[in-house]
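A.B. asks: Residue numbers (UniProt numbering): 1 to 490.
Using N, Cα and C, we set each Cβ at its ideal position, and we do this for glycine too.
Only a predicted model underlies this, so the values are computations on that prediction, with no experimental measurement involved.
I have a structure here, written as structure tokens, and I will follow up with some questions on it.
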Amino acid sequence: MEETSDSAELWNLTLQHSPIGMALVAPDGHLLRANPAMAAMLGYTVGELQARGFQEITHADDLAADLALLGRTLAGEISSYRLRKRYLHAQGRVIWGDLSVALVRSPDGQPLHFISQILDVTEHQDHAERLRSVNAEVERERQALEAIFEAVGVGLLLVGRDGRYERTNLRHQQAMEVAFPDGHDGAAGQLGHVFHLDGRPISREEMPSYRAVQGEEFDDYTFWAGADPLNRSAFSTSARQVLSATGEKLGAALAYQDVTDLLRALQVKDDFVSSVSHELRTPLTSVLGHLEMLEERLDLPPEVTAQLRVTHRNATRLLTLVTDLLHVGQRSAGPLLLHRTDVDLAALVREVVEATGPSASAAGVDVEAVAPGRLVVPLDEQRIRQVLDNLVGNAVKYTEPGGSVSVRLRQAAGAGATELEVHDTGIGIAPDELDHVFERFARGGAALDRHIPGTGLGLDIVRQIVAAHGAQVCVRSELGRGSVFTVTFP
Numbered sequence: 001m002e003e004t005s006d007s008a009e010l011w012n013l014t015l016q017h018s019p020i021g022m023a024l025v026a027p028d029g030h031l032l033r034a035n036p037a038m039a040a041m042l043g044y045t046v047g048e049l050q051a052r053g054f055q056e057i058t059h060a061d062d063l064a065a066d067l068a069l070l071g072r073t074l075a076g077e078i079s080s081y082r083l084r085k086r087y088l089h090a091q092g093r094v095i096w097g098d099l100s101v102a103l104v105r106s107p108d109g110q111p112l113h114f115i116s117q118i119l120d121v122t123e124h125q126d127h128a129e130r131l132r133s134v135n136a137e138v139e140r141e142r143q144a145l146e147a148i149f150e151a152v153g154v155g156l157l158l159v160g161r162d163g164r165y166e167r168t169n170l171r172h173q174q175a176m177e178v179a180f181p182d183g184h185d186g187a188a189g190q191l192g193h194v195f196h197l198d199g200r201p202i203s204r205e206e207m208p209s210y211r212a213v214q215g216e217e218f219d220d221y222t223f224w225a226g227a228d229p230l231n232r233s234a235f236s237t238s239a240r241q242v243l244s245a246t247g248e249k250l251g252a253a254l255a256y257q258d259v260t261d262l263l264r265a266l267q268v269k270d271d272f273v274s275s276v277s278h279e280l281r282t283p284l285t286s287v288l289g290h291l292e293m294l295e296e297r298l299d300l301p302p303e304v305t306a307q308l309r310v311t312h313r314n315a316t317r318l319l320t321l322v323t324d325l326l327h328v329g330q331r332s333a334g335p336l337l338l339h340r341t342d343v344d345l346a347a348l349v350r351e352v353v354e355a356t357g358p359s360a361s362a363a364g365v366d367v368e369a370v371a372p373g374r375l376v377v378p379l380d381e382q383r384i385r386q387v388l389d390n391l392v393g394n395a396v397k398y399t400e401p402g403g404s405v406s407v408r409l410r411q412a413a414g415a416g417a418t419e420l421e422v423h424d425t426g427i428g429i430a431p432d433e434l435d436h437v438f439e440r441f442a443r444g445g446a447a448l449d450r451h452i453p454g455t456g457l458g459l460d461i462v463r464q465i466v467a468a469h470g471a472q473v474c475v476r477s478e479l480g481r482g483s484v485f486t487v488t489f490p
């Protein structure tokens with residue numbers, strides 16, 4: 001008797017102090033005993049909980065499964081079972097529990113009660129649900145990216161930080177077959193039938209994939225690919241670094257776009273422009289020569305002389321346009337060739353400003369040169385004269401009557417660099433247009449609104465000539481206040 005009493009006391013203490021929910025459940029489902037942990041888990045007092053059956057605190061969608069296992073246990077098919085199920089909290093929310101159930105029988109085999117233990121796994125279940133949701137979203141995004149990866153009209157390449165190709169799409173594989181007809185080992189920088197636009201083979205260090213693995217990012221790097229010089233394809237390539245959330249370098253992504261048709265069309269256009277420009281230049285030069293001879297005659301009426309000057313001015317403008325078109329055609333055909341000599345840049349600045357004087361006066365614009373007596377720089381005099389003509393001519397053209405243009409030349413103190421600045425008080429350039437002013441055929445909105453004539457070639461030519469000299473050109477401007485173009489010679 002004493003041993004039985006001790007066992008009962010031990011059981012009561014266990015039930016009372018267990019950190020997990022425990023209950024004794026009658027075969028019909030009502031709760032005989034429930035411990036404080038279970039009551040707290042479900043938001044009831046012990047008394048409130050024991051007044052309910054387990055069916056009342058079980059989520060409706062889980063009740064059938066629990067009853068089925070309960071029935072099998074009562075039938076003797078199993079002696080115990082485990083089930084993850086949902087309970088209903090007193091406040092109406094769902095509590096997830098891991099339920100373990102064992103049936104206690106009398107000596108003659110009659111069911112007495114069930115011992116139930118419930119571990120609250122709500123937080124774990126919430127995490128699992130969120131994880132499943134995230135995994136499902138990741139899978140959807142992966143499938144979407146997979147579809148995009150294959151559907152885009154450009155070749156895509158993912159390369160790891162070790163230089164190995166990790167993923168390519170069909171378009172890239174087709175490009176690889178052109179550049180590497182004998183196969184590719186899947187490593188960045190492998191040499192193949194890949195060439196610069198001027199036909200020179202591209203070295204390993206110049207290969208787009210190798211540059212990207214080294215951490216370089218670039219846009220519109222264009223090259224020819226193919227073993228047959230008469231049947232090559234052109235590709236424009238861009239590269240971006242792939243970083244982890246913490247900024248760790250994971251590799252690089254490259255895009256390859258087939259621009260063969262575009263390059264061939266541009267070549268046809270450039271050949272046509274160059275041919276037409278050559279055909280125009282010869283008769284124009286002859287016309288200008290005859291106009292100059294006529295202007296030198298002293299026996300012409302004043303009105304005829306004035307008309308000749310207008311004709312001469314327009315013919316000169318047309319010759320300048322033809323020269324610009326010729327330059328564009330020559331630049332497209334290959335690198336710009338320079339004939340450097342030691343040139344007094346200060347004297348050249350004064351010559352250009354003096355030559356611009358008549359047209360500036362006619363436009364009501366003051367032009368001045370601020371330059372030292374002599375400043376010798378090794379450069380191509382004809383090309384730099386072209387730069388000055390374009391910059392000063394633009395400054396006058398885009399400055400309204402009463403404004404001014406100043407051409408300033410100086411040698412930077414200590415650095416040895418030579419700076420040429422063209423200031424104007426003209427219409428200025430909008431902030432969103434500053435990054436595009438040196439692009440071919442670019443025209444500013446303010447110029448278009450005022451119907452100021454122009455081809456958009458001048459500043460592109462300036463950029464090309466300056467770059468060929470290893471110099472830099474930049475612009476700062478304020479709309480309605482004027483612009484400053486600066487050329488810095490090293």
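Note down, in chain order, each residue of its chain lying with its Cβ closer than 8 Å to the Cβ of residue 242, except the 5 sequence neighbours on either side.
C.D. replies: Closer than 8 Å at the Cβ level, and outside the excluded window around residue 242, lie 158, 249, 250, 251, 252 and 253.
A.B. asks: In the DSSP output, what is residue 103 paired with across the bridge?
C.D. replies: Per DSSP, 114.
A.B. asks: Tell me whether the beta-carbon of residue 487 lies closer than 8 Å to the beta-carbon of residue 468.
C.D. replies: Cβ atoms of residue 487 and residue 468: not closer than 8 Å.
A.B. asks: What is the DSSP secondary structure of residue 54, counted as helix, strand or coil?
C.D. replies: Coil.
A.B. asks: Under 8 Å, with one C-beta from each stretch per pair, do the segment 360-379 and the segment 343-351 reach the 3-pair mark?
C.D. replies: The segment 360-379 is in contact with the segment 343-351.
A.B. asks: Taking 8 Å as the threshold (C-beta atoms), are residue 489 and residue 417 in contact?
C.D. replies: Yes. Within cutoff.
A.B. asks: Quick one, which of 257, 423, 411 and 409 has its alpha-carbon nearest residue 399's?
C.D. replies: Nearest C-alpha to residue 399: 423.
A.B. asks: For residue 482, report the span of its beta strand (DSSP E) as first-last.
C.D. replies: Residues 482-489.
A.B. asks: The alpha helix (DSSP H) that contains residue 380, what's its start and end?
C.D. replies: From DSSP, residue 380 is part of no alpha helix (DSSP H); its letter is neither H nor E.
A.B. asks: Under DSSP, the beta strand (DSSP E) around residue 367 begins and ends at which residues?
C.D. replies: Start and end: 366-370.
A.B. asks: Using the beta-carbon count (16 or more within 10 Å), is residue 306 buried or exposed?
C.D. replies: By the neighbour-count rule (16 or more Cβ atoms within 10 Å), residue 306 is not buried but exposed.
A.B. asks: Quick one: grab the DSSP three-state call for residue 409.
C.D. replies: Here residue 409 sits in strand by DSSP.
A.B. asks: If I measure Cβ to Cβ from residue 257 and keep anything under 7 Å in the same chain, skipping five residues before and after, which residues do I get?
C.D. replies: Closer than 7 Å at the Cβ level, and outside the excluded window around residue 257, lie 154, 235 and 236.
A.B. asks: To the nearest angstrom, how far is the alpha carbon of residue 59 from that of residue 70?
C.D. replies: For residue 59 and residue 70, the distance between alpha carbons rounds to 16 Å.
A.B. asks: Need the endpoints of the beta strand (DSSP E) that residue 477 sits in, please.
C.D. replies: Here the beta strand (DSSP E) through residue 477 covers 472-478.
A.B. asks: Residue 425 and residue 458: beta carbons closer than 8 Å?
C.D. replies: No, these two residues do not count as a Cβ contact at 8 Å.
A.B. asks: Whole angstroms are fine: how far does the CA of residue 478 sit from the CA of residue 484?
C.D. replies: Approximately 9 Å, taken between the alpha carbons.
A.B. asks: So, at 8 Å on beta carbons, what are the nonlocal neighbours of residue 45 in its own chain, with the 5 sequence-adjacent residues on each side left out?
C.D. replies: Around residue 45: 39.
A.B. asks: Using the Cβ count rule (16 or more neighbours within 10 Å means buried), how would you classify residue 16?
C.D. replies: Exposed: under 16 other Cβ atoms inside 10 Å.
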